[in-house]
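Numbering (my numbering), first residue to last: 1099 to 1482.
Take a look at the structure below.
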Amino acid sequence: MSAASFVYVATQDQLEDACNSMGNPIAIDTEFEWRKTYYPGASLYQFCSDGRTFLVDALVGLDLNRVRALLASDGHTKILHDMRQDWRLFTCLAEGPIRRCEDTRVASAFVGENSCIGYGEAVQVFLGVSVEKSQTTSKWLNRPLSTAQLQYAAEDVLHLTELWECLFGAMKDKGVDSWYREEMELLEGELAAWDEELHFRIGGFKGLSVQQLNVLRSLCDWREGVARKRNLPRTWIVSDQELLAIAKMPSLERKRLEAVCSPQILRRYGTAILETVWIGLNAPEGLREVKATGRVSSQLVDRVRADLKSHLQQVAGDLGIAVDFLASRRTIAKCVNSLVLMEDVTREVTRWRWDLYGTELRNALATQLERRPEDNASSVRAAG
């Protein structure tokens, strides 16, 4: 395996030259550490275009406006592997969404690999190339970076464009490129809304009343603002369990808050928490909160998925894709929830999936609700 060539960018002139050299498409990646902060700590931004690789040092105080413009440009396709991993950092850098992205991890799932395939494995499987992955857990914020670290960072983008071209050609040959486009549209929508409705990510929210959900939503939004301002992990401000306990408080009294929060939290945030609870208690009963209480039971989802198992295995086998990519438990849960609440299913899942097994899923759900009508009744009561 020969060493990857690259240009290490640590001055403004070098950055200007790098940006002027980039054509279309641009393979992008980043190396960062994310342990004790709200925002990921960027170490390097990697770019590869027209056969040239640039490693931009994120710690030397460069003016990155040209890089921001490239990320936001509709005139440059950006190729990543598993954009979920880097989306937050790049959108922070770009001060908005990245435009025209292609994801080789998503593409690989449509041509026969699992949807969790790593970059190194994908390059090996589709291009027959071995890449160095020994620096995965490196301390990227330390300086100077070693030659091994820089080689690793360069290889992370060196083969991305070739990998994308290989995968896109395979998807075209297979006739699933339009499905890929749907998948990317859904993914980008999910990533753009990553900081919305944070209260729905708190374990145990399903047992809350509408009013308690409004309180939990207010608390989560408040905590998010504090975490951003202090650049600390959100659970370092107040834990999920404490937020849930606060939302369940029967009345707005400091002594009740003392029973569920540590003295340190009370000293720093006690007044702000009580003010936030008051806002939640006086919020109107929003439609989203009503629907949240009506989410179907996990047991119903599991029974529907079990009924669909043989059909899904047949469809996945015929298409040459993984069953879990075709119909993950999360996807089936979204479908079941939308059907029970009489919502548009295709707002939650891609049309191509619904076309492949929507009728069978609807029939399986109807069968389960006939056997156990209480599942539907409880959802209807909660949603009403």
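Here a beta-carbon is modelled for each residue, glycine too, at the ideal position from N, C-alpha and C.
It should be emphasised that the depicted structure is a prediction, and the values quoted were computed from it without experimental measurement.
Exercise. Please confirm whether CYS1146 and THR1245 have their CB atoms less than 9 Å apart.
Key: no
Quiz item: Helix or strand or just coil, what does DSSP make of TYR1136?
Solution: coil
Quiz prompt | Cβ pair ALA1220, THR1151 closer than 9 Å | solution = no
Quiz item: Alpha carbon to alpha carbon, what distance is there between VAL1443 and LEU1261?
Solution: 33 Å
Practice problem: Count the CB pairs spanning the segment 1350–1357 and the segment 1366–1376 that are closer than 8 Å, and state whether there are at least three. | Solution: yes
Quiz item: By DSSP, does ASP1319 sit in helix, in strand, or in coil?
Solution: helix
Self-check item: Spatial distance of SER1206 from GLY1305 (CA atoms)
Solution: 39 Å
Quiz item: Would the beta-carbon of ARG1449 fall within 9 Å of that of GLU1280?
Solution: yes
Quiz item: What residue from LEU1317, VAL1447, SER1307 has the CA that sits closest to GLU1295's CA?
Solution: LEU1317
Quiz item: What does a CB cutoff of less than 6 Å around VAL1204 pick up in its chain, not counting 5 residues either side in sequence?
Solution: GLU1281
Self-check item: Whole runs of the alpha helix (DSSP H) within the segment 1345–1369, excluding any shorter than 4 residues
Solution: 1352–1358
Exercise. Could you pull out every residue in the same chain whose Cβ sits closer than 7 Å to the Cβ of GLU1322, ignoring the five residues on either side in sequence?
Key: ASP1293, LEU1296, ARG1332
Quiz item: Mapping DSSP to helix, strand and coil, what is SER1396?
Solution: helix
Practice problem: Assign ILE1430 to one of three DSSP states: helix, strand, or coil. | Solution: helix
Exercise. Leaving out five residues on either side along the sequence, give the residues of the same chain with a beta carbon under 6 Å from the beta carbon of VAL1154.
Key: VAL1107, TYR1143
Quiz prompt | Bounding residues of the beta strand (DSSP E) (the contiguous stretch that carries PHE1152) | solution = 1150–1155
Exercise. Compute the beta-carbon to beta-carbon distance between PRO1138 and LEU1187, rounded to the nearest angstrom, for a pair I have assumed lies under 8 Å.
Key: 5 Å
Practice problem: Check whether the Cβ atoms of ASN1406 and LEU1439 sit closer than 9 Å, and answer yes or no. | Solution: As written in the sequence, residue 1406 is Leu, which differs from the Asn given in the question. The answer is no: Cβ separation not under 9 Å.
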